[in-house]
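Each remark here refers to the structure printed beneath this line.
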Amino acid sequence: MAEVYERLLKEALTWVGIGLGIGIPVFIAAILIFLKFKDRRRFYSIPLFLFGGGLMAIGFSALKDYFEIKARMGGSQTHSSNPQKLPSEIEKKISELIKRLEELRARLR
Amino acid sequence: MGLGRCFDNFRMGYALVHYALLTASALYPEPDFEVALYGFGLYTDILLQLIDEGKLPRGFTRYIHDFAMALKEMDLIRLATIMNRLVHDVATRPEIPTTLRHAVQISRMVHEIEALIDVDEVDEALNRLNDLINYISEHKSEILKCVPEDVIDRILGRLKEVLELLGKTPLPKDEIFARFVEIHQEFL
Numbered sequence: 202m203a204e205v206y207e208r209l210l211k212e213a214l215t216w217v218g219i220g221l222g223i224g225i226p227v228f229i230a231a232i233l234i235f236l237k238f239k240d241r242r243r244f245y246s247i248p249l250f251l252f253g254g255g256l257m258a259i260g261f262s263a264l265k266d267y268f269e270i271k272a273r274m275g276g277s278q279t280h281s282s283n284p285q286k287l288p289s290e291i292e293k294k295i296s297e298l299i300k301r302l303e304e305l306r307a308r309l310r
Numbered sequence: 180m181g182l183g184r185c186f187d188n189f190r191m192g193y194a195l196v197h198y199a200l201l202t203a204s205a206l207y208p209e210p211d212f213e214v215a216l217y218g219f220g221l222y223t224d225i226l227l228q229l230i231d232e233g234k235l236p237r238g239f240t241r242y243i244h245d246f247a248m249a250l251k252e253m254d255l256i257r258l259a260t261i262m263n264r265l266v267h268d269v270a271t272r273p274e275i276p277t278t279l280r281h282a283v284q285i286s287r288m289v290h291e292i293e294a295l296i297d298v299d300e301v302d303e304a305l306n307r308l309n310d311l312i313n314y315i316s317e318h319k320s321e322i323l324k325c326v327p328e329d330v331i332d333r334i335l336g337r338l339k340e341v342l343e344l345l346g347k348t349p350l351p352k353d354e355i356f357a358r359f360v361e362i363h364q365e366f367l
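As structure tokens, this is what we get:
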């Protein structure tokens, strides 16, 4: 399972790199073009805004996935540690089930 | 049909789920292709035999093809989905013999309990154990037509031991899994 998580982590990191690495510079370029030009050249920034914004959205979504996978990996690690004492509810459930199993065994004999 | 032949069918149903899960579990944490192919080979043999004997419909051959494709891509989620579809199909189709239905359901539940204990989900494992006891209670007369009493008794005895071990801290997983191996051996 750890291997699957690692593969997903790598995949998410790749998309973070592509999305944010290209998306942020393109978005900044779009802002600069928008601020620098006051004539019709200002409209050139629109496709750049869309392209950069789209890539950034992909990057942030991958970043969110990355943290979710990280949290899940952490979660599965904490699960593996055994509690020192069983909660009384579980103890009760166990003794109830043992009783039911014994009854079933007796009925089947 | 005598108890012997009927029990053989039950064992095949149990083994079908067992080997499908063995194949899937061989893929992680480190893929072990030798074990995966061994499991897949037995899963295929059993499925084909059940189809040849007319116990399962011809259409079930797709569960071999789909399983092989998922195995090739090492796609655990798809393997699990195929397994669930197979179990669901066996459980819901009226033309499939009851023996097989019970065998597949019992095998699925036993393996699910084992897997839940493996990831320390004791509470959920107890719920599934409760479901298993309910299932055996509900269908005991049909199950007893195929499975010898002493086998059922031994399995319930092992499950009781598992329950007793679940009450210990830290969880003696090795001892628990040894009990599950004994349970599987009753049918394999």
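Chains as they are written, first to last, in the working numbering: chain A, 202 to 310; chain B, 180 to 367.
Every residue, glycine too, gets a C-beta built ideally from N, C-alpha and C.
Note that the coordinates shown come from a computational prediction; the quantities given were computed from them, not determined experimentally.
| Asked | Found |
| --- | --- |
| Measure the CB-CB distance between residue 312/B and residue 305/A and report whether it falls below 8 angstroms. | yes |
| Could you please tell me which residues of the region 335 to 351 of chain B, in chain order, have their CB closer than 8 angstroms to any CB of chain A? | 335, 336, 338, 339, 342, 343, 345, 346, 348, 349, 350 |
| With a Cβ-Cβ cutoff of 8 angstroms, do residue 269/B and residue 275/B count as a contact? | yes |
| Taking C-alpha atoms, which residue in 188/B, 251/B, 296/B lies nearest to residue 350/B? | 296/B |
| Is residue 235/A helix, strand or coil when you go by DSSP? | helix |
| Please tell me whether residue 367/B and residue 355/B are closer than 8 angstroms, where the distance is taken between their beta carbons. | no |
| Exposed or buried, what is residue 360/B when buried is set at 16 or more other beta-carbons lying within 10 Å of its beta-carbon? | exposed |
| Under 7 angstroms, CB to CB, which of the residues in the region 282 to 316 of chain B have a partner in chain A? | 298, 299, 301, 302, 305, 308, 309, 312, 315, 316 |
| Evaluate residue 249/B with the Cβ neighbour count: other Cβ atoms within 10 Å of its Cβ, from every protein chain shown; 16 or more gives buried, anything less gives exposed. | buried |
| So, is the C-beta of residue 295/A closer than 8 angstroms to a C-beta in chain B? | yes |
| Count the other CB atoms, across all protein chains shown, that sit within 10 Å of the CB of residue 286/B; report buried if there are 16 or more and exposed otherwise. | buried |
| Say whether chain A places a C-beta atom closer than 8 angstroms to the C-beta of residue 319/B. | yes |
| With a cut-off of 8 angstroms, does the C-beta of residue 218/B fall near any C-beta of chain A? | no |
| Would you say the region 215 to 235 of chain B touches the region 313 to 327 of chain B, given that touching needs at least three Cβ pairs under 8 angstroms? | no |
| Report, in whole angstroms, the separation of the C-beta atoms of residue 295/A and residue 305/B, which I expect to be a contact under 8 angstroms. | 7 angstroms |
| Per DSSP, what kind of secondary structure is residue 205/B in: helix, strand or coil? | coil |
| For residue 272/B, name the three-state secondary structure that DSSP assigns. | coil |
| Taking only three categories from DSSP, how would you classify residue 284/A? | Because residue 284/A sits at a pLDDT of 48, beneath the cut-off of 50, its placement in the model cannot be relied upon, and the following sentence gives the value as read from the coordinates. In the structure shown, residue 284/A sits in coil (DSSP, three-state: anything other than H, G, I, E or B). |
| Please name the residue in 196/B, 299/B, 240/B, 256/B whose C-alpha comes closest to that of residue 291/A. | 299/B |
| Mind checking residue 244/B: buried by the 16 CB within 10 Å criterion, or exposed? | exposed |
| Counting only runs of 4+ residues fully inside the region 233 to 268 of chain B, write out the alpha helix (DSSP H) ranges in chain order. | 241 to 251 |
| What number of angstroms, rounded off, separates the C-alpha of residue 307/B from the C-alpha of residue 237/B? | 32 angstroms |
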